[in-house]
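Q: Each protein sequence line maps, in turn, to chains A and B. Numbered per this note's numbering, the first sequence finishes at 449, counting up by one with no gaps. Numbered per this note's numbering, the second sequence finishes at 449, counting up by one with no gaps. This is the structure, below, for whatever I ask next.
Number of protein chains: 2
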Amino acid sequence: MKQQLEQAYKEVEGDLLKDLRQLISFESVSAYGSQLDECASFLKELLRGFGFSVEVVKNKANKPVVLAERIPRGNGGATLLLYNHYDVQPPEPLEEWSSNPFELVERGDRLFGRGVADDKGDIISRLYAVEILDKITSGEAGLGIKWIIEGEEEVGSPSLDAFVAEHLDKIRADACLWEAGDLTEQGIPNFYLGVKGMLYVEISRRTADYDKHSMYAPIIPNAAWELIQLLSRLRDKRGRVRIPGFYKRVKPPTREELKSIREIRIDYKRLMQQLGIREVRHKTAYQALRELVFEPTCNIAGLASGHVGKGAKTITPSLASVKIDFRLVPGQRPEEVLESLRRFVKRFGDFDINVYTMLPPARCRPGSPVVKAAVEAAVEIYGVKPNVFPSMYGTGPLASIVKHGIDAGMLNSISNPESNLHAPNENIMKKDLMRSTLQLASMFRRLAT
Amino acid sequence: MKQQLEQAYKEVEGDLLKDLRQLISFESVSAYGSQLDECASFLKELLRGFGFSVEVVKNKANKPVVLAERIPRGNGGATLLLYNHYDVQPPEPLEEWSSNPFELVERGDRLFGRGVADDKGDIISRLYAVEILDKITSGEAGLGIKWIIEGEEEVGSPSLDAFVAEHLDKIRADACLWEAGDLTEQGIPNFYLGVKGMLYVEISRRTADYDKHSMYAPIIPNAAWELIQLLSRLRDKRGRVRIPGFYKRVKPPTREELKSIREIRIDYKRLMQQLGIREVRHKTAYQALRELVFEPTCNIAGLASGHVGKGAKTITPSLASVKIDFRLVPGQRPEEVLESLRRFVKRFGDFDINVYTMLPPARCRPGSPVVKAAVEAAVEIYGVKPNVFPSMYGTGPLASIVKHGIDAGMLNSISNPESNLHAPNENIMKKDLMRSTLQLASMFRRLAT
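In structure tokens form, the structure reads like this:
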């Protein structure tokens, strides 16, 4: 099938790049709320041209969501939901871009532009995979496709959960192809069958209305010292969280999941080098991956009290605060962790807790047909077995889909370690755009029977 | 003697206010380096007019220091060193001043202007105390006076120590009258026979070159957590410092010093209210004062790591730092405490220590003739016994004088709790300017025999 797919890709490549160029040209920055309607309208027309019935529906934040559907002519295949987002990160700092962020530019073997790796390139790759599927099956493939393309992903998808629940009839499918995975430096596709959950809180302590001259330190409370009392009890030396019950509901990895971790090929030493980490805690990639994938964390993301600027100032701080992200694994629920945290914190005094993010973890069933098809297609196109992670190390709103019984995973690969996601000079390899599209088409073909 | 002094004050009050007005008019802000030479030159001429031989000498920072001396006509008296500073704090925020900061303005029973309380009012008060002493003794008093007036006090007196050592022959005296003390709300003079020392450091930990996505939290070091490990061991729950040897050299208060604390009259509850402290740790003023005066402290003045701005950011910080001021008491030496701290910190990993300030504590002998004269003069002028603190709660460069065997204390009172030191609308009571001048003249008279 590979040759046939490559031939079809050659025929559509010019159109594909033209559509990608147009999609990139929209400054659809969700943080600024710019050109969201325009971009959604463009996608509506674009998808219509490919045989989708499309509507643009406003979510509860009054932001446009593209909902599309394509009924198969053939019979017997699965219905696949595609999830993407048309919004992008702000392009700033502009001076660090080598070309206009909102213009698709080809340099060497790479394509540059804001969103080309996250997530507009992915949208176009999927769209042309459907087109290629049509070509090689003469439009007779039995694959139903539903598509949700939101415009709030880069600001944390605050409305997605409610939107999915409300429009479940238009979203219900056998499986969901979430955003794209990525490629290792050696060109091995990384697929992810889930995400960690997240509880992001700010815990703060106020001991007085304003900071005091530190000559009073012997007799007045110091908010920083009080916060440190609390934090020093929140984790033990090895990093284990000491909130009672924190690990109680954690589902330990299955043998199958541990096996999948063992099979992953990453250059751990190189990753540590790239991260600039000199003190490596784990001897093997397996040990590191096991923690990255399966361990919940309690990470201080920010700490502030008193004088944080330059130089010396002699005050006793009246306010101290810490920002913590807990990444959660299957079995843990953010609401429950928050309740346990509240009870724990209470023991140490009068602290406030401000909640920023609550996202449950989510996992796709590892043996599901959609995963099988994705892996087989990857072997065909890339000539290697992909790395299949039971979960990403990071977080996303996958649960909004998965909780409705729809398996969702990141099962194609478009970016690589040098793609500068969320950063200036975002880019993908031209050949990875092709390979992602071919792998998707091959996967769709496998699911269409 | 009091009536005679009051009579003399009335005769000179007009000139005194005129000179104060001129001195206030100099914008001698050491933080900006403005009008320091002009102000020093003015003081040189002014003091000459009162019979002082005066020179302006540059210190190692090339800033002008006024050095003056007045040889007594009479015999048998002491030689007294006066320490003052002609520099002031920046006047900003200007919009919060009710009148021009550099113009002496009388409103109600108060005089307003930058420096009127700290330290220009004090200079003029001392100058006219000398004038009054001359008047009532017909210039025959046996009191020798030396005077050092520097222009770097408000930026931490970085050159004072070396300057004093270099010009010791012009500074050597039986005792030193340091900057002024203050008055309680009930009008009781507060005298201070010393200062605490200070070691101000910033301790920081860098675990990587830049902050990382917190999805890597399970396998990479977090600078904030590492700093908390250290800080949680630096003090115990009650606030006792756990650096080995920290308390070893602390000289416990003598019975005489404890007695002097017992005799101090302050409204402790009101002080706590003014500080906005709801959770009062000490039942009595004595308990609080005992700690304020005699306890060394380890105070977190600032704490920063990772994302300290608004909102949520999911990073694992690569840098964490804490600013700590240690206030030291007699027996402790900042160099030794720093060495103990370095050894202590080393146990917890690779932390950097940046030293901002090192000032030793200093104390005047409580029974010295200059203190006795000051107390007797205060009883005469104020009609109450002054509060005599063995030490301030705060810090200053007193040791630069005391280490040469010269007793130095804050033995007159010019500001009150509403004087807004270092703040907009700095002011003193007109009557306190008079009472300070009379008390000084009475004290000089007592030391002149």
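Just so it is clear, CB atoms sit at the ideal spot from N, CA and C, and this is done for glycine as well.
For the stretch 205 to 220 of chain B, enumerate the residues whose C-beta is nearer than 8 Å to any C-beta of chain A, in chain order.
A: Going along the stretch 205 to 220 of chain B in chain order, one finds T207, A208, D209, Y210, K212, H213, S214, M215, Y216, A217, P218, I219, I220 with a Cβ nearer than 8 Å to chain A.
Q: Just to confirm my understanding: we take P292 (chain B), look at its own chain, exclude 5 residues before and 5 after, and list those with CB closer than 8 Å. What are they?
A: Position 292 of the second sequence holds residue 292 (chain B). The identity of residue 292 (chain B) in the sequence shown is Leu, whereas the question assumes Pro. Only Y393 meet the Cβ criterion.
Q: T395 (chain B) bridges to which residues according to DSSP?
A: Taking the second sequence and counting its residues from 1, the one referred to as residue 395 (chain B) is at position 395. The partner list for T395 (chain B) (beta bridge, DSSP) reads B:K196.
Q: If we ignore side chains and look at the alpha-carbon of each, how far apart do N84 (chain B) and A68 (chain B) end up?
A: Against the second sequence, residue 84 (chain B) aligns to sequence position 84. Against the second sequence, residue 68 (chain B) aligns to sequence position 68. If I take the Cα positions, the gap works out to 12 Å.
Q: May I ask which residues mark the beginning and end of the beta strand (DSSP E) holding D325 (chain A)?
A: As a working mapping, residue 325 (chain A) is identified with position 325 in the first sequence. Segment 319 to 328, the beta strand (DSSP E) holding D325 (chain A).
Q: With C-beta atoms as the reference, is P386 (chain A) less than 8 Å away from N190 (chain A)?
A: Taking the first residue of the first sequence as 1, we reach residue 386 (chain A) at position 386. Taking the first residue of the first sequence as 1, we reach residue 190 (chain A) at position 190. Contact: yes.
Q: Spatial neighbours of R342 (chain B) within its chain, please: C-beta separation below 7 Å, excluding the five flanking residues on both sides.
A: In the second sequence, counting from the first residue as 1, residue 342 (chain B) sits at position 342. Excluding residues within five positions, the ones whose Cβ falls inside 7 Å are I353.
Q: Pairs of beta-carbons, one from the stretch 226 to 233 of chain B and one from the stretch 282 to 298 of chain A, closer than 8 Å: are there three or more?
A: no
Q: On the CB-based measure, 16 or more other CB atoms within 10 Å of its CB, does D118 (chain B) come out buried or exposed?
A: Mapped onto the second sequence, residue 118 (chain B) falls at position 118. That one is buried.
Q: State buried or exposed for S138 (chain B), treating a residue as buried only when at least 16 other CB atoms are found within 10 Å of its CB.
A: Walking along the second sequence from the start, residue 138 (chain B) turns up at place 138. Exposed: under 16 other Cβ atoms inside 10 Å.
Q: Report, in whole angstroms, the separation of the C-beta atoms of R110 (chain A) and K403 (chain A), which I expect to be a contact under 8 Å.
A: Taking the first sequence and counting its residues from 1, the one referred to as residue 110 (chain A) is at position 110. Taking the first sequence and counting its residues from 1, the one referred to as residue 403 (chain A) is at position 403. Not confirmed; about 38 Å, so no contact.
Q: Find the nearest neighbour of N420 (chain A) within the set A:S28, A:Q89, A:S53, judged by alpha-carbon distance.
A: Reading the first sequence from its first residue, position 420 is the one you call residue 420 (chain A). Checked all of A:S28, A:Q89, A:S53; the closest Cα to N420 (chain A) is A:Q89.
Q: Would you list, in sequence order, the uninterrupted beta strand (DSSP E) runs of no fewer than 3 residues that lie entirely inside the stretch 30 to 107 of chain A?
A: 53 to 58, 64 to 70, 79 to 85, 105 to 107
Q: Check the Cβ-Cβ distances between S419 (chain B) and every residue of chain A, and say whether any is below 8 Å.
A: Translated into the one-based positions of the second sequence, residue 419 (chain B) becomes position 419. Cβ-Cβ to chain A under 8 Å: no for S419 (chain B).
Q: Would you list, in chain order, the members of the stretch 264 to 280 of chain A that have their beta-carbon closer than 7 Å to a beta-carbon of chain B?
A: Within the stretch 264 to 280 of chain A, the qualifying residues are L275, G276, I277, E279.
Q: Please confirm if the stretch 197 to 215 of chain B is in contact with the stretch 311 to 329 of chain B, defined as three or more CB-CB distances below 8 Å between the two stretches.
A: yes
Q: Return yes when the Cβ of R446 (chain B) is within less than 8 Å of the Cβ of A378 (chain B), no when it is not.
A: To locate residue 378 (chain B), count along the second sequence from 1; it is residue 378. To locate residue 446 (chain B), count along the second sequence from 1; it is residue 446. No, these two residues do not count as a Cβ contact at 8 Å.
Q: Checking 8 Å against the spacing of the C-beta atoms, do A399 (chain B) and P360 (chain B) come in under that value?
A: Locating residue 399 (chain B) in the second sequence gives position 399, where the first residue counts as 1. Locating residue 360 (chain B) in the second sequence gives position 360, where the first residue counts as 1. In contact: A399 (chain B) and P360 (chain B) (Cβ atoms closer than 8 Å).
Q: For the beta strand (DSSP E) that R365 (chain B) lies in, which residues bound it at each end?
A: Here residue 365 (chain B) refers to the residue found at position 365 of the second sequence. R365 (chain B) -> no beta strand (DSSP E), and no H or E assigned at all.
Q: If you measure beta-carbon to beta-carbon, which residues of the stretch 172 to 204 of chain B are closer than 7 Å to chain A?
A: Y200
Q: Can you find a C-beta in chain A that's less than 8 Å from the C-beta of N299 (chain B)?
A: Locating residue 299 (chain B) in the second sequence gives position 299, counting from the first residue. So, interface residue.
Q: Enumerate in chain order the residues of its own chain whose CB-to-CB distance from E179 (chain B) is below 7 Å, with the five nearest sequence positions on each side excluded.
A: The count along the second sequence starts at 1 and reaches residue 179 (chain B) at position 179. Y83, N84, D119, D122, M410, listed in sequence order.
Q: Which word fits I124 (chain B), buried or exposed, when buried means at least 16 other C-beta atoms lie within 10 angstroms of its C-beta?
A: Position 124 of the second sequence, counting from 1, holds the residue named residue 124 (chain B). Looking at its Cβ environment, which holds 16 or more other Cβ atoms inside 10 Å, I124 (chain B) is buried.
Q: Below 8 Å on the Cβ atoms is my contact criterion, and I expect L43 (chain B) with V66 (chain B) to pass it. Report the Cβ-Cβ distance as a whole number of Å.
A: Here residue 43 (chain B) corresponds to residue number 43 of the second sequence, with the count starting at 1. Here residue 66 (chain B) corresponds to residue number 66 of the second sequence, with the count starting at 1. Yes, L43 (chain B) and V66 (chain B) are in contact; Cβ-Cβ is about 5 Å, under 8 Å.
Q: Between the alpha carbons of G367 (chain A) and E103 (chain A), how many angstroms are there, rounded?
A: The sequence position of residue 367 (chain A) within the first sequence is 367, counting from 1. The sequence position of residue 103 (chain A) within the first sequence is 103, counting from 1. In a straight line, the C-alpha of G367 (chain A) is about 41 Å away from that of E103 (chain A).
Q: So that I know if they touch, is there some Cβ in chain A lying closer than 8 Å to that of R235 (chain B)?
A: On the second sequence, residue 235 (chain B) is found 235 positions in, with the first residue counted as 1. So yes, R235 (chain B) belongs to the interface.
Q: For D211 (chain B), count the other beta carbons within 10 Å of its own beta carbon; 16 or more makes it buried, fewer makes it exposed. Which is it?
A: Here the question's residue 211 (chain B) lines up with position 211 in the second sequence. Buried is the call here.
Q: Tell me the DSSP secondary structure of E202 (chain A) in three-state form.
A: Against the first sequence, residue 202 (chain A) aligns to sequence position 202. The answer is strand: DSSP assigns E202 (chain A) an E or B state.
Q: For N416 (chain A) and L433 (chain A), I'd like the C-alpha separation in whole angstroms.
A: By 1-based counting over the first sequence, the position of residue 416 (chain A) is 416. By 1-based counting over the first sequence, the position of residue 433 (chain A) is 433. Each residue's Cα considered, the two are about 11 Å apart.
Q: What does DSSP give as the partner residues of E150 (chain B) in its beta bridges?
A: Position 150 of the second sequence, counting from 1, holds the residue named residue 150 (chain B). Paired residue(s): B:H85.
Q: Assign I71 (chain A) to one of two classes, buried (16 or more other C-beta atoms within 10 Å of its C-beta) or exposed (fewer than that).
A: In the first sequence, counting from the first residue as 1, residue 71 (chain A) sits at position 71. It counts as exposed.
Q: Closer than 9 Å, Cβ to Cβ, to anything on chain B: give me those residues from the stretch 303 to 332 of chain A, in chain order.
A: Of all residues in the stretch 303 to 332 of chain A, only L303, A304, S305, G306, H307, V308, G309, G311, A312, K313, T314, I315, T316, P317, S318, A320, S321, V322, K323, D325, R327 come within less than 9 Å of chain B when Cβ atoms are compared, listed by chain position.
Q: Verify the CB distance criterion: does A129 (chain A) have a CB-CB separation below 8 Å to chain B?
A: Counting from 1 along the first sequence, the entry for residue 129 (chain A) is found at position 129. So, not an interface residue.
Q: Please state whether DSSP places V116 (chain B) in a helix, a strand or coil.
A: Along the second sequence, one-based indexing puts residue 116 (chain B) at 116. Three-state result, V116 (chain B): coil.
Q: When you compare the CB of S159 (chain A) with every CB in chain D, is at least one pair closer than 8 Å?
A: The structure shown contains no chain D; the protein chains it does contain are A and B.
Q: With a threshold of 7 Å on Cβ separation, who are the neighbours of F50 (chain A) within its own chain once the five nearest residues in sequence on each side are excluded?
A: Within the first sequence, residue 50 (chain A) is the residue found at index 50, counting from 1. Excluding sequence neighbours, F50 (chain A) sits near L127, V130, E131.
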